[in-house]
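Just below is one structure, and these are the notes that go with it.
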Amino acid sequence: MVMPRFYPDRPHQKSVGFFLQCNADSDSTSWSCHAQAMLKIINYKEDEKWDSKKHTGYVGLKNQGATCYMNSLLQTLFFTNQLRRAVYMMPTEGDDSSKSVPLALQRVFYELQHSDKPVGTKKLTKSFGWETLDSFMQHDVQELCRVSYIQCKHVDYRSERIEDYYDIQLSIKGKKNTVEQLDGDNKYDAGEHGLQEAEKGVKFLTFPPILHLQLMRFMYDPQTDQNIKINDRFEFPEQLPLDEFLQKTDSKDPANYILHAVLVHSGDNHGGHYVVYLNPKGDGKVSVKEPIWCKFDDDVVSRCTKEEAIEHNYGGHDDDLSVRHCTNAYMLVYIRESKLSEVLLAVNDVDIPQQLVERLQEEKRVEAQKRKERQEAHLYMQVQIVTEDQFCGHVRLEPWGVLEDREQCYSRTLGCPGGQGAVL
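In numbering that gives the first Met the number 0, the protein residues as written are 0 to 423.
Here it is, written out as structure tokens:
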């Protein structure tokens, strides 16, 4: 789907954008192609703008030029309602409006929740900086644990260690499962048992309410000495049971997860575009006003099918066209089914601290006043008037020629006749 974007400084015929994917016939890293594309617009009405709020109930984020990656991540964080509520509760009363990252994030979330138009992020990006990274230091965060193990196949030997983790990275290149075989020249040194064939893997002690899966789409290629994008097909389900990966399961709380967000990259390692597909409610109920899946493409939000959000982003090859799909998922967000209602509990106005609301509304009022003054500046001119008392009280004596020159200058400025007898 192609959405028209309207900019005040560009003609409409240049405001429609689309992503064109070109595929080479070989795996060479250096090649060129020439392509022609014809865009046919159907059912277009003059001067009709796409209203994301009207069609989906949500608004997008403005792209500053190369911020589509950040926009996708921000939308994902915003629709993690439990996190949004926690962001609102961060103490920012004494923070500098232009330097505080938490306050800037609160501002963006508040606008996304209340605005009818796409929300800007310039204040947020302006607040970023290496010196502000301490704002995101993790304090009292629940550390989750996993066990990395190596199990020998033919002898009774097992090595394991417990590690903390905050997300899970999945290698997708040619991988059909998460178990790595150590055999051949890659045998494991089992001490007194010598080199042994073994199985290397991970078992988890706990899983969090919200699970982030990072698909390792980008990697370094030593043959070409550059980063490359892995477009291999990687299928992911809408419902993900994970009990088999736990060292010890809980029958009262099975580790079943529901897909909440699919972050997608179109392009290669040199560039491209980022969007996110979100299931905002996560309840699986079909509703016209609250569609199951929405596509967030910067400032444009549109409804989409479950197939567009999931199956279309597996990557891999198209069997019919024999081309590689360069549009695929690079990050997945799952929510534990038993925690779904808690994590996605609606955030209402009463959940936002009143002092934060008042501060943000006052900022908007001041900005609106300044914007009005700038827009009306051309309607006014500044004139300095000198009264007779001020003129007589001027103690410095000026040569008559200087006064005469000033008289003529003032006369031209005010459009009054000059000359002898004119009053300054």
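Yeah, the Cβ is synthetic: ideal placement off N, Cα and C, and Gly gets one too.
Of the listed residues the options, nearest to residue i (C-alpha basis)
{"i": "Phe-127", "options": "Asp-95, Leu-344, Gln-150", "result": "Asp-95"}
{"i": "Tyr-219", "options": "His-269, Tyr-313, Phe-206", "result": "His-269"}
{"i": "Lys-294", "options": "Val-261, Gly-266, Ser-265", "result": "Val-261"}
{"i": "Gly-56", "options": "Val-299, Glu-362, Thr-304, Val-365", "result": "Val-299"}
{"i": "Pro-236", "options": "Arg-364, Asn-312, Arg-302, Lys-199", "result": "Asn-312"}
{"i": "Leu-212", "options": "Val-346, Tyr-165, Phe-244, Gln-246", "result": "Tyr-165"}
{"i": "Pro-331", "options": "Gln-389, Glu-403, Leu-258, Trp-49", "result": "The question names Pro, yet the displayed sequence has Leu at residue 331. Nearest of Gln-389, Glu-403, Leu-258, Trp-49 to Leu-331, Cα basis: Leu-258."}
{"i": "Asn-327", "options": "Asp-350, Val-263, Asp-50", "result": "Val-263"}
{"i": "Gln-150", "options": "Pro-221, Asp-188, Gln-168, Lys-122", "result": "Asp-188"}
{"i": "Lys-122", "options": "Gln-195, Gly-173, Asn-62", "result": "Asn-62"}
{"i": "Lys-152", "options": "Lys-199, Val-118, Ser-97", "result": "Lys-199"}
{"i": "Phe-217", "options": "Ile-229, Gly-193, Leu-210", "result": "Ile-229"}
{"i": "Ile-351", "options": "Lys-363, Ala-85, Arg-411, Ile-291", "result": "Ala-85"}
{"i": "Glu-196", "options": "Ile-40, Asp-155, Ile-167", "result": "Asp-155"}
{"i": "Val-342", "options": "Ser-301, Ala-308, Leu-210", "result": "Leu-210"}
{"i": "Glu-191", "options": "Pro-221, Arg-157, Phe-203", "result": "Arg-157"}
{"i": "Lys-280", "options": "Lys-247, Tyr-273, Ile-291", "result": "Ile-291"}
{"i": "Gly-173", "options": "Glu-362, Met-69, Thr-120, Gly-314", "result": "Gly-314"}
{"i": "Lys-251", "options": "Ser-337, Gln-238, Asn-226, Lys-202", "result": "Ser-337"}
{"i": "Pro-208", "options": "Leu-82, Tyr-273, Met-69", "result": "Leu-82"}
{"i": "Tyr-256", "options": "Gln-238, Thr-248, Tyr-273", "result": "Gln-238"}
Pairwise C-alpha distance: residue j and residue i
{"i": "Ala-254", "j": "Glu-92", "result": "39 angstroms"}
{"i": "Asp-231", "j": "Val-100", "result": "37 angstroms"}
{"i": "Gln-353", "j": "Gln-368", "result": "23 angstroms"}
{"i": "Leu-241", "j": "Asn-278", "result": "20 angstroms"}
{"i": "Asn-80", "j": "Lys-44", "result": "36 angstroms"}
{"i": "Cys-303", "j": "Lys-52", "result": "15 angstroms"}
{"i": "Asp-115", "j": "Gln-74", "result": "15 angstroms"}
{"i": "Glu-234", "j": "Glu-310", "result": "8 angstroms"}
{"i": "Ile-171", "j": "Gln-105", "result": "35 angstroms"}
{"i": "Phe-206", "j": "Asp-163", "result": "11 angstroms"}
{"i": "Thr-223", "j": "Asp-267", "result": "15 angstroms"}
{"i": "Ala-65", "j": "Phe-244", "result": "38 angstroms"}
{"i": "Val-346", "j": "Leu-169", "result": "32 angstroms"}
{"i": "Cys-391", "j": "Glu-406", "result": "16 angstroms"}
{"i": "Leu-60", "j": "Leu-378", "result": "33 angstroms"}
{"i": "Leu-339", "j": "Tyr-333", "result": "10 angstroms"}
{"i": "Gln-35", "j": "Val-118", "result": "34 angstroms"}
{"i": "Ile-161", "j": "Ile-167", "result": "15 angstroms"}
Backbone secondary structure at residue i - three-state DSSP
{"i": "Gln-222", "result": "coil"}
{"i": "Met-215", "result": "strand"}
{"i": "Gln-35", "result": "coil"}
{"i": "Leu-245", "result": "strand"}
{"i": "Val-58", "result": "coil"}
{"i": "Lys-284", "result": "Any reading at Lys-284 is ruled out, since the residue's pLDDT is 48, under 50, leaving its predicted position unreliable."}
{"i": "Asp-404", "result": "helix"}
{"i": "Thr-202", "result": "It should be pointed out that residue 202 corresponds to Lys in this sequence rather than to Thr. Note: Lys-202 maps to strand in three-state DSSP."}
{"i": "Arg-157", "result": "strand"}
{"i": "Lys-228", "result": "strand"}
{"i": "Ala-197", "result": "strand"}
{"i": "Gly-190", "result": "helix"}
{"i": "Ser-97", "result": "coil"}
{"i": "Ser-170", "result": "strand"}
{"i": "Ser-410", "result": "helix"}
Opposing strand residues paired with residue i [DSSP bridges]
{"i": "Tyr-276", "result": "Val-261, Lys-294"}
{"i": "His-324", "result": "Gly-315"}
{"i": "Phe-77", "result": "Phe-77 is not bridged to any residue."}
{"i": "Pro-240", "result": "Asn-255"}
{"i": "Val-299", "result": "Asp-296"}
{"i": "Gln-63", "result": "Paired residues: none, contrary to the question."}
Contact test: residue i Cβ vs the ligand NAP heavy atom, cutoff 8 angstroms
{"i": "Ala-376", "result": "Ligands displayed in this structure: none; no statement on the ligand NAP is therefore possible."}
- Just list the beta strand (DSSP E) runs in the stretch 326–394, keeping only unbroken ones of 3 residues or longer that don't cross its boundaries, in chain order. 326–335
- Message: Give the list of continuous alpha helix (DSSP H) stretches no shorter than 4 residues that lie fully inside the stretch 100–127.
- Response: 100–113, 121–126
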